[in-house]
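Numbering of the sequence shown is given in full-length UniProt numbering, commencing with residue 1 and proceeding in unit increments. Accompanying notes for the structure given below.
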Amino acid sequence: MDSPSIKEKEPSKPAREPGGLDKAFPWLKPALRSRRTIKTWIRCCIALAAAMMLMVATKPSHTMGQAAFFCVIVSVMLPPTFALSVFLMAATILLLGMLVGWAWGSAAMASALSVRSASLYARQTEKLQSLLDPNSTIPIARQIQIQTFHGIFLDPRSSAVYGAFLFIGTFALGALRAYIPSLTLLSIFGSIVMDVACTTGPLLPRAQYTVPEQLIIPATFYVAVAIGSVILIFPESLSHVWLNLLLDTFWTQTLDLLRLQSETLAILPSDHEAWAKLNARGAQLRTSLVNATDTVSDQLKLIDLDTSIGRLGPADLKKINLELKSIMFRSSGLQSFQSFVNDSNIAVQKEAEAPEGLAPGDQTPHSGRYQALSRRIRNRELKHGHDLDSLVPILASSSLNLRKASESAVVCIVDWFQQCNSHRWMAFVSRPSQSLITERHDKLMKELQSLESALQEFRSVERVKLIKPYERFFDPNTRLLLRNCDMFTSRSLYICFVFIDTIDAFSESIAKLLKIIVEVDERRPKSKIWFPGRIAKVRQNITNGEFKSAGGPLAMGTSENPVSFSTNDSSQTSLTDPDSDDEDDDAEEKSKKDADEKVCVADPPTRQNPDAFPPTSAVGRSIVRIAPLFRFFKSPQGIFALRMGIVSVALWIPSACHSTAWFYYDNKGLWALIMAQTGLAVYAGDQIAGFIVRITGTLIGLLVGMVVWYIGAGHGNGNPYGLVVATTIIISPFLFARVAGTPAHVGLFTMICITTVFVVGYSWINANQAVISNPGVGVTLGWKRALLVIIGFTAGFIVMLFPNPISSRVLVRKTLAAVIGESGNIFAGEVEAFLSEEQKGRSGINEKIELVGRAEPDDKKVSPKERRIRKIARRVIAVSYKLRMISPSLSTAKFEPQISGRWPHEQYEELHRLQTRVLGSLVLLTTSFSKLDTKWCSALVHRSPFMNPNFASFHSPVLSDVFSTIAVVSTSLMDGRPLPAFLPKLRDRLVYHEYHTAKTMKPSFVQAFFPRSFGEKEEKEKSVHTDSSSELMGKGEKPGYESEEEIGDVAGPVHVDGSSVGIELDELTLDMLLNEQLPAHSTAVVALSSLLSRVDEMIDITRTLCGQASFRGYEGLQQDYLDREERAVGGSRP
């Protein structure tokens, strides 16, 4: 087995600060510990050595021709790192691209010859005859070749046709590459072959359609070598690769996160330093898990092409893959408890570090209302023993059995996957006995029963222990709240509810997966051969833009827009849509389902043309239909295609001029053209850093290439054995980094490998083959070839500078702004999901929907609630992907020229961290939504202030404030504009309005939602009125303003961080605290509260980065009106 059993892994030790290589290349140590990575690297080294042997061997080398080194270049551009089925597809795309380029080049040659001037050709032939010297030692045929490449047969009309064909061909391939990034290999290699035909063709007076063979034949040699290496050297199917990746990344991170909970609960929250370290580890594990989920899902998109031997087929893997996102959400939620506790610790530390001379009451209400409330809550929790230091030990003991059962279940799942993924070939030798099959199945059943039993015990028995410290505040007979002067607060209790809800949800998702595994294990007791199928699904995955191909490692940018998000969900395939797993739906079902999904979740807003309304006439509608053709030329894809055509023609022109034709051919200017084309990207990305990295890789490759040549050749023409050995050994470390490195490092190491074999290969060809021009070997040749690469990348870089250059700093700012805006759209989708459930409750539909979570033939009609969750999950992962892609730029931006001043790296790092936290809150809110029934969703909508949309209401208009604030912050950061004057803090506004809420307007929560949960209706006590927050702010003691009723309102058991949880004080009973829906409800409230806090922190950072509009006198006027309102409300008390 490629990876050691996870069950034997020791609990992870506290992470130390990385340094040296660990900090520069964090992927290095995990890659060295991965047996699969080592095997893949060995296979790539052997393929490289085989390609080198073909280049230095006399017969294959002469068969491939003067471009025999191209075989070695392709071996480092497309190493055999994939499973056989995937590599076959990649190789097919590569060769198809070369054939397309050959066909277009042949068409260009035929068209160009048809317009060639016969009289000019006759004069050129006469001139050639006069230049030939029959007495020269150079053969006549060689003299004709030399004169030909000096441009003696150049014809302006013929050259113009070649230039036109080159522009149109590269433009079309560029557009294809822009719209279908997964066909990058086809575009790149098609362009290369087209370049050969169009740079050589103008020099030739007759048709020679086999010119591109000089590149096509070496490429086919390598493809044959690579396929042989994939089959013979550590062969593995895509199924085997996917299961290895699943075990090494997804389940490792999941198990580490689960084990981290036990470490966390063993430490008191008052140990701030220890909790901060554990929280940092948890945040890192959560990020790694989200990234691993995205990677694992991408790897499965070509599973229908796979041929494998094993127990699990493509349908089984897809069914398991459907559960991974659900488990990822639940696993990520486990870390939320640590984050909330750490936030409390940070608030305490900040308060302790405040200047001693500043009393709490000296703060202005605008900046300190929430802080003052937090101090009040902490004091009361310490007084009653309800602080986190008192509750966490109870939480640890009550959840111990469930955590152990969950860990045991995860280890059992991992063992089952390892058994399915090992000894695949042994199926032909020996079949497992029936006793072993029964034993394996019984083990799964035992783990499932144990987990379900522990989960049931936790829900009915263990969870209740957390409520024990609060029972003394309730009447033992009526179970109603005792309205005395010793009211408790519940903030720490609700934070503990977050852990209860998340561990419950995680265990439930593991149990659901175990049920699927039990079912699959029963249906697949023995191994069998699985053949490819459903090729149409593969075509959709390749062309829908979601499939991330391995092509284009040299591009100075990205194929995806870094500042926008795809809104097209119609491209989702069977990997995310369970309805398409087994058999196709008919047209009616598909249209019905599509219409249903359109109203499931709020989609991001679409831009509307402010200068024109939709046409109303037939002529206008006809014009609108052809308008996209004109808009294409100013779209990013159209601009990229134009850049591709322009830079190609610009670097082609010297090959078609009399004065530069020989210079171009002698110095192989073709490679500058090829590098310019491969260096272009649809979106600039961190363009400056990308250019510097590739130039650095070229220079290093130049030095390495010259070292390799002189080691293998000395002062001679090269020893084939020494050259193969030296090249393979010296390049192997860089090839390892090329195979195992992150996308941020792949460009550097790919350029090192390409330039190295470029120098070595050309030196060998010049030294051992008869060539028309021979610029030498080693140093004499190396600097020229490296200069070609630099010229090509520089040309591509210059073209990409227009219309505007993009630096890493601009990329970071705009991407984070786009992420902020998309987070607001996701939150809008989640709010819409809650409102949809509330609408059901209003219609009298009260239900708790059990999510299907998997695709079965009879499960085609998945509930709208589950579809919403899945759609939100896809968008959350898309945002996480953007955050992951922007992480390297946070480091590279520090090394860019600081022309305008120091780049505020710390602020952007903090903004990136806050976005990760916002994403965690959104995930937590989705998890809670999946567990809440219709009644509790309605309670959250109607009774809590978080979803009140009405500005005229006396409640806080939180929804309007959140959406408008997110939009303002995103726009300000995107355009670099200052924030409006005195943009209010959401948290302070919420607390302020909660103080002044007329609670008598609220309907009874118990009567509305739990009419049968209690005995006879109790007579309502007198309503509790809130008072001015002036006393809370410490502005002075006011008689009668410190009653326990007021404290119960602002910091009591029905408020979290000053916000109502949707339960009235006179409705709170012990039975409600024990309700199984309350933890999920509390988790949603805490997640919403955390979301508001993170948005407030983003406001502060954006204000620091972009500034704020000045508005003199506004602060004093605001304070004056605030004092008047508080005095008026305070004076109206009975």
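Think of the CB as a built atom: it goes at the ideal place given N, C-alpha and C, for glycine as much as any other residue. As the structure is a prediction and not an experimental result, all values here were calculated from the model.
Rounded to the nearest whole angstrom, the CA to CA distance from isoleucine 790 to isoleucine 752 is 13 Å. Contact check for glutamate 447 against alanine 409 passes: the beta carbons are separated by less than 7 Å. Membership of serine 308 in the beta strand (DSSP E) is indicated by the continuous run 308-310. With contacts defined by Cβ atoms closer than 7 Å, cysteine 496 and leucine 466 form a contacting pair. Apart from sequence neighbours up to five positions away, the residues of its chain that approach alanine 454 with a beta-carbon distance below 7 Å are Asn401, Leu402, Ala405, ordered along the chain.
By the CB criterion at 7 Å, leucine 451 and leucine 334 fall outside the cutoff.
Residue pairing for isoleucine 529: DSSP places it in a beta bridge opposite Ile309.
One Cα belongs to valine 411, the other to glycine 920, and the distance between them is close to 26 Å. When DSSP states are grouped into helix, strand and coil, glutamine 145 belongs to the helix group.
Per DSSP, reduced to three states, the secondary structure at histidine 912 is helical. Fewer than three Cβ pairs drawn from the stretch 780-796 and the stretch 726-735 lie within less than 8 Å of each other, which leaves the two stretches out of contact. Between the beta-carbon of alanine 726 and that of alanine 31 there is about 24 Å, and that puts the pair past the 8 Å contact cut. The closest CA to that of arginine 330, considering only Gln1077, Leu255, Ile394, Ala276, is found on Leu255. In its chain, beyond the 5 residues on either side, Arg330, Gly333, Thr927, Lys931 have a beta carbon closer than 7 Å to the beta carbon of alanine 505. If the five residues before and after leucine 113 are omitted, its C-beta is found closer than 8 Å to the C-beta atoms of Ser158, Arg206, Ala207, all from its own chain and listed in chain order. The shortest CA-to-CA distance from tyrosine 710 to any of Gly722, Leu816, Val86 is the one to Gly722.
Distance between tryptophan 671 and glycine 705, taken at the CA atoms: about 17 Å. With respect to the 7 Å criterion, glycine 282 and valine 193 are not classified as neighbours on the basis of their beta carbons. Remark: C-beta atoms of glycine 796 and leucine 979 do not approach each other more closely than 7 Å. Between methionine 64 and isoleucine 217, the C-beta spacing is below 7 Å. With a beta-carbon spacing of about 18 Å, tryptophan 652 and histidine 150 fall beyond the 8 Å limit used to define contacts. Between leucine 983 and valine 962 the beta-carbon gap is near 13 Å, outside 8 Å, which marks them as no contact. For glutamate 236, no alpha helix (DSSP H) segment is defined, and its DSSP state is neither H nor E. Under the three-state reduction of DSSP output, phenylalanine 474 falls in the strand class. Judged by DSSP in its simplified three-state form, threonine 1069 adopts strand. In the three-state scheme derived from DSSP, where H, G and I count as helix and E and B as strand, serine 460 is classed as helix.
A straight line joining the alpha-carbon of alanine 676 with that of proline 654 spans about 15 Å. Between alanine 276 and isoleucine 267, the C-beta spacing is not below 7 Å. In the structure shown, the three-state DSSP call for valine 1056 is strand. Cβ contact annotation for methionine 328 (same chain, cutoff 7 Å, sequence separation greater than five): Leu289, Val290, Thr293, in chain order. Taking a cut-off of 8 Å for Cβ pairs, the stretch 478-494 and the stretch 383-403 touch, as three or more such pairs fall below it. Rounded to whole angstroms, the gap between the alpha carbons of proline 202 and valine 161 is 9 Å. Between the stretch 520-527 and the stretch 763-783 there are fewer than three inter-stretch CB-CB distances shorter than 8 Å, so the stretches are not counted as touching.
The beta-carbon separation of leucine 238 and leucine 302, rounded to 6 Å, stays under the 8 Å limit for a contact. Burial check for arginine 977: the Cβ neighbour count within 10 Å stays below 16, so the residue is exposed. Contact check for phenylalanine 946 and glutamate 830: beta-carbon distance about 11 Å, past the 8 Å limit, so the pair fails to qualify.
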